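To start, the structure under review is shown below, and the notes come after it.
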Amino acid sequence: MSMLKIFVGTMYGGALDVAEQVKPLFEEAGYSVAIYDNPTLENLTGSPTDLALFCVSTTGSGDYPGNFVPFARSIAEKSPELGSLRYGLIALGDSSYGDTFCGAGRQLDELLQGQGARRLGERLEVDAMETFMADDAALPWVQEWIESQALKVA
Ligand SMILES: Cc1cc2nc3c(=O)[nH]c(=O)nc-3n(C[C@H](O)[C@H](O)[C@H](O)COP(=O)(O)O)c2cc1C
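Reminder that position 15 of the sequence shown reads as 15 in the UniProt record's numbering, one-by-one numbering, no gaps.
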């Protein structure tokens with residue numbers, strides 16, 4: 001069965017909630033789904049990853065949430081070859097933070113592409129100023145993502 005891994009970076013649980021809410025959509029599309037809320041590089045590279053979804057909020061001043069820091073640091077330091085990785089990215093943020101809006105998601109996108117990974121479609125940026133529950137934006141986005149990128153495997 002094809003494996004979808006969801007990697008979560010969260011401070012207050014919103015991004016984890018998104019991961020849990022979208023999981024059934026991928027199961028319906030034929031994937032076996034694993035959610036990593038304390039992700040490690042081993043989770044990504046230690047076993048086959050047919051597709052990955054990153055759900056990452058931003059804290060501080062454009063920074064990764066604490067639970068995501070070791071994962072991002074490992075990628076930056078170990079520079080793994082990610083040429084076969086296809087992924088989607090949901091960034092949670094708040095536009096009242098100005099220039100650092102969704103800064104963690106944007107940094108992660110650059111980091112992954114720098115290692116050769118390929119993002120499928122556009123990044124979703126969920127603005128807490130406009131969308132109270134990130135799921136409200138994420139669920140339709142994932143439905144559309146699965147359709148538009150022809151990701152169904154069953
Ligand atoms: C202390 C603090 C710092 C934040 N800094 C940023 C920021 O720099 N950029 C941004 O877009 N959002 C920022 N946010 C907003 C969060 O990313 C947003 O509320 C998000 O929905 C939280 O998701 P989570 O529940 O998964 O942690 C910050 C929030 C807090 C509480």
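Cβ coordinates follow ideal geometry from the N, Cα and C atoms, glycine included.
Note that the coordinates shown come from a computational prediction; the quantities given were computed from them, not determined experimentally.
Taking Cβ positions, are residue 85 and residue 34 nearer each other than 7 Å?
no
Is it right to say residue 99 is buried, meaning 16 or more other beta carbons lie within 10 angstroms of its own, or is it exposed?
exposed
Does DSSP put residue 54 in a helix, a strand or coil?
strand
From this set, 125, 7 and 145, which residue's C-alpha is nearest residue 94's C-alpha?
125
Determine, using beta carbons only, whether residue 105 and residue 65 come nearer to each other than 7 Å.
no
If you follow the alpha helix (DSSP H) that residue 74 is part of, which residue opens it and which one closes it?
69 to 78
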